[in-house]
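Sequence order for the protein chains is D and U.
Residue numbers for the first sequence follow this note's numbering, beginning at 414 and rising by one.
Residue numbers for the second sequence follow this note's numbering, beginning at 414 and rising by one.
Each residue gets a CB set at the ideal place from its N, CA and C atoms; glycine is no exception.
All values reported here derive from a predicted model rather than from experimental measurement.
Protein chains: 2
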Amino acid sequence: MKKENLVFIAQSLDGYIADKNGGLAWLESVPNPDGIDMGYRNFVERVDAIIMGRITFETICSFGIDWPFTKPVFVLSNNVKSVDEELTDKVEIVNGSLISVLETINAKGYNKLYIDGGQVIQSFLKEDLIDEMTITTIPILLGGGHSLFGDLDHHMSFDLIQSEVFLDTIVQSTYKRKK
Amino acid sequence: MKKENLVFIAQSLDGYIADKNGGLAWLESVPNPDGIDMGYRNFVERVDAIIMGRITFETICSFGIDWPFTKPVFVLSNNVKSVDEELTDKVEIVNGSLISVLETINAKGYNKLYIDGGQVIQSFLKEDLIDEMTITTIPILLGGGHSLFGDLDHHMSFDLIQSEVFLDTIVQSTYKRKK
């Protein structure tokens, strides 16, 4: 089965995924009375497992909600050694090079992977390991914060697969790596 | 007549308007056999005059082409004192605070202004002087370069006016400042 690493993330108009204080309230700045999910559930349905970084993992844990994922989650971390008991069958800590981490995860039969969290996405892009990105742009300038994209040694081209407008004001575009 | 300051600019997927070497070749990375202008001529028709920074002005002059603008151009600069003789009726150097520059230009009857160049756009945004932005996103990651957007003290929200796809792969979205 084809191995694919996919991104699904929201950014501000100026390319941040969290504001200067790490805040995410701006994500809710567009009224969404019917709580539409902008393709998120369909996207998660498509993937076999999720890879995220420690910061994203700890942010989700800090929400004090029930664990929100039904797919297996792999947390990339050299520091976290174990997870809370109630998550042991849902979350696995992995570390090492991205290539070896991917080999391990793919070997378990998880081929379509949701790559989540700013630093993890940047690491994957640096090694040209991202196949598809769905980027949802909230029409707000934050003026600083945590960037979605980071430094790269070379240009990387993509093809647009789809572009859609939600709630009259949010543009969501899906890009596929052009190789 | 209503005064409006408008932006029309292309960026990379990671928010740069020029690459690490100041290069612009990536703007042509999507084949455009019929040379469609993605709304540029219509946009320029709408404006009364153009305000640009010194770097943009010098970049255009360096192209060695005929002066491309039919609308009056104002170059914001404290250093440039005069322009080549053949441009004296087309280009005027202006300086001072943005508010006073705008007052001077508006007093001449130019109300809809095209604000061009990265640093000038950032200065106008810092003072909340941009009313509308048309952003054309080329599907390429440059991995560094000159950012379209800069640091801001506060969040600024926009409404989406229009979003369109050109050449199957370039997303162009127009935003209006929400006040």
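*From residue 422 (chain D) to residue 551 (chain D), what does the alpha carbon distance come to, in whole angstroms?*
Here residue 422 (chain D) is taken as the residue at index 9 of the first sequence, counted from 1. Here residue 551 (chain D) is taken as the residue at index 138 of the first sequence, counted from 1. Using only the alpha carbons, I get a separation of about 11 Å.
*Compute the distance between the beta-carbons of residue 451 (chain D) and residue 556 (chain U), then report whether it is under 9 Å.*
Counting from 1 along the first sequence, the entry for residue 451 (chain D) is found at position 38. Counting from 1 along the second sequence, the entry for residue 556 (chain U) is found at position 143. It is not a contact, given that the beta carbons lie outside the stated cut-off.
*Pull up the CB-CB distance for residue 561 (chain D) and residue 428 (chain D), whole angstroms please, since I reckon it's below 8 Å.*
By one-based count along the first sequence, residue 561 (chain D) stands at place 148. By one-based count along the first sequence, residue 428 (chain D) stands at place 15. Contact annotation, residue 561 (chain D) with residue 428 (chain D): C-beta distance approximately 5 Å; criterion of less than 8 Å satisfied.
*Between the CA atoms of residue 420 (chain U) and residue 529 (chain D) - distance to the nearest angstrom*: The residue labelled residue 529 (chain D) in the question sits at position 116 within the first sequence. The residue labelled residue 420 (chain U) in the question sits at position 7 within the second sequence. So the two alpha carbons sit approximately 32 Å from each other.
*Answer yes or no: do residue 470 (chain U) and residue 527 (chain U) have a C-beta to C-beta separation smaller than 9 Å?*
As a first step, residue 470 (chain U) must be located in the second sequence, where it is residue number 57. As a first step, residue 527 (chain U) must be located in the second sequence, where it is residue number 114. In this structure, residue 470 (chain U) lies away from residue 527 (chain U), with their beta-carbon atoms at least 9 Å apart.
*Is residue 573 (chain U) close to chain D, meaning its C-beta is less than 9 Å from at least one C-beta of that chain?*
Mapped onto the second sequence, residue 573 (chain U) falls at position 160. Chain D has a Cβ within less than 9 Å of the Cβ of residue 573 (chain U).
*Is it buried or exposed for residue 502 (chain U), if we count other Cβ within 10 angstroms and need 16 for buried?*
Translated into positions along the second sequence, residue 502 (chain U) becomes position 89. With fewer than 16 Cβ atoms within 10 Å of its Cβ, residue 502 (chain U) is classed as exposed.
*asked:* Just to make sure I have the definition right: I need the residues of chain U whose C-beta is within less than 8 Å of the C-beta of residue 553 (chain D). Which are they?
replied: The residue you call residue 553 (chain D) lines up with position 140 of the first sequence. Here the neighbours are 568, 569, 570, 571.
*Does the beta-carbon distance from residue 554 (chain U) to residue 449 (chain U) come in below 9 Å?*
Here residue 554 (chain U) corresponds to residue number 141 of the second sequence, with the count starting at 1. Here residue 449 (chain U) corresponds to residue number 36 of the second sequence, with the count starting at 1. Between residue 554 (chain U) and residue 449 (chain U), the gap from beta carbon to beta carbon reaches 9 Å or more.
_For residue 438 (chain U), tell me which candidate among U:446, U:425, U:536 has the shortest Cα-Cα distance._
Looking up residue 438 (chain U) in the second sequence gives position 25. Nearest in C-alpha terms to residue 438 (chain U), of all of U:446, U:425, U:536, is U:425.
*Minimum C-alpha distance to residue 467 (chain U) - residue among U:460, U:475, U:461*: The residue you call residue 467 (chain U) lines up with position 54 of the second sequence. Of the candidates U:460, U:475, U:461, U:475 places its Cα closest to the Cα of residue 467 (chain U).
*asked:* For a minimum of 3 consecutive residues, which ranges assigned as the beta strand (DSSP E) are wholly contained in the stretch 520 to 553 of chain D?
replied: The DSSP assignment places 525 to 529, 545 to 551 as complete runs of the beta strand (DSSP E) inside the stretch 520 to 553 of chain D, in order along the chain (cut-off: 3 residues).
*Alpha-carbon spacing of residue 566 (chain U) relative to residue 433 (chain D), whole angstroms*: As a first step, residue 566 (chain U) is located in the second sequence; it is residue number 153 there, counting from the start. As a first step, residue 433 (chain D) is located in the first sequence; it is residue number 20 there, counting from the start. About 10 Å.
*Counting along the chain, where does the alpha helix (DSSP H) carrying residue 499 (chain U) start and finish?*
As a first step, residue 499 (chain U) is located in the second sequence; it is residue number 86 there, counting from the start. In the DSSP assignment, residue 499 (chain U) falls outside any alpha helix (DSSP H), carrying neither H nor E.
*Mind pulling the chain D residues with CB within less than 8 Å of residue 576 (chain U)?*
Translated into the one-based positions of the second sequence, residue 576 (chain U) becomes position 163. Simply 576, 578, 584.
*Straight-line Cα distance separating residue 481 (chain D) from residue 458 (chain D)*: Position 45 of the first sequence, counted from the start, is the residue given in the question as residue 458 (chain D). Position 68 of the first sequence, counted from the start, is the residue given in the question as residue 481 (chain D). Computed Cα separation, rounded: 13 Å.
_CA nearest to the CA of residue 508 (chain U), picked from U:496, U:490, U:499, U:518_ = Residue numbering aside, residue 508 (chain U) sits at position 95 when the second sequence is read from its first letter. Relative to residue 508 (chain U), the option among U:496, U:490, U:499, U:518 whose CA is nearest is U:490.
*For residue 559 (chain U), write down the residues that DSSP places opposite it in a beta bridge.*
Position 146 of the second sequence, counted from the start, is the residue given in the question as residue 559 (chain U). DSSP lists U:431 as partners of residue 559 (chain U).
_residue 473 (chain D), enclosing alpha helix (DSSP H) - first and last residue_ = The count along the first sequence starts at 1 and reaches residue 473 (chain D) at position 60. Where residue 473 (chain D) is concerned, the enclosing alpha helix (DSSP H) stretches over 467 to 475.
*asked:* Below 8 Å on the Cβ atoms is my contact criterion, and I expect residue 461 (chain D) with residue 525 (chain D) to pass it. Report the Cβ-Cβ distance as a whole number of Å.
replied: The count along the first sequence starts at 1 and reaches residue 461 (chain D) at position 48. The count along the first sequence starts at 1 and reaches residue 525 (chain D) at position 112. Contact flag correct, Cβ pair sits at about 5 Å.
*Exposed or buried, what is residue 520 (chain U) when buried is set at 16 or more other beta-carbons lying within 10 Å of its beta-carbon?*
Numbered from 1 along the second sequence, position 107 holds the residue referred to as residue 520 (chain U). Exposed: under 16 other Cβ atoms inside 10 Å.
*Quick one: list the residues of chain D neighbouring residue 427 (chain U), beta-carbon separation under 7 Å, in chain order.*
Position 14 of the second sequence, counting from 1, holds the residue named residue 427 (chain U). Chain D residues near residue 427 (chain U): 428, 562.
_Let me see if you follow: with CB-CB separation under 9 Å, is residue 442 (chain D) close to chain C or not?_
You won't find chain C in this structure, because its protein chains are D and U.
_For the stretch 490 to 518 of chain U, list every residue whose C-beta sits within 8 Å of some C-beta in chain D, in sequence order._
Residues passing the 8 Å Cβ filter: none.
*Find out if the Cβ-Cβ distance for the pair residue 545 (chain U), residue 418 (chain U) is shorter than 9 Å.*
The residue given as residue 545 (chain U) occupies position 132 in the second sequence. The residue given as residue 418 (chain U) occupies position 5 in the second sequence. Yes, the pair counts as a contact, with Cβ atoms nearer than the cut-off.
*Which value, in whole angstroms, describes the spacing of the CA atoms of residue 538 (chain D) and residue 563 (chain D)?*
Reading the first sequence from its first residue, position 125 is the one you call residue 538 (chain D). Reading the first sequence from its first residue, position 150 is the one you call residue 563 (chain D). CA-CA distance, residue 538 (chain D) to residue 563 (chain D), rounds to 9 Å.
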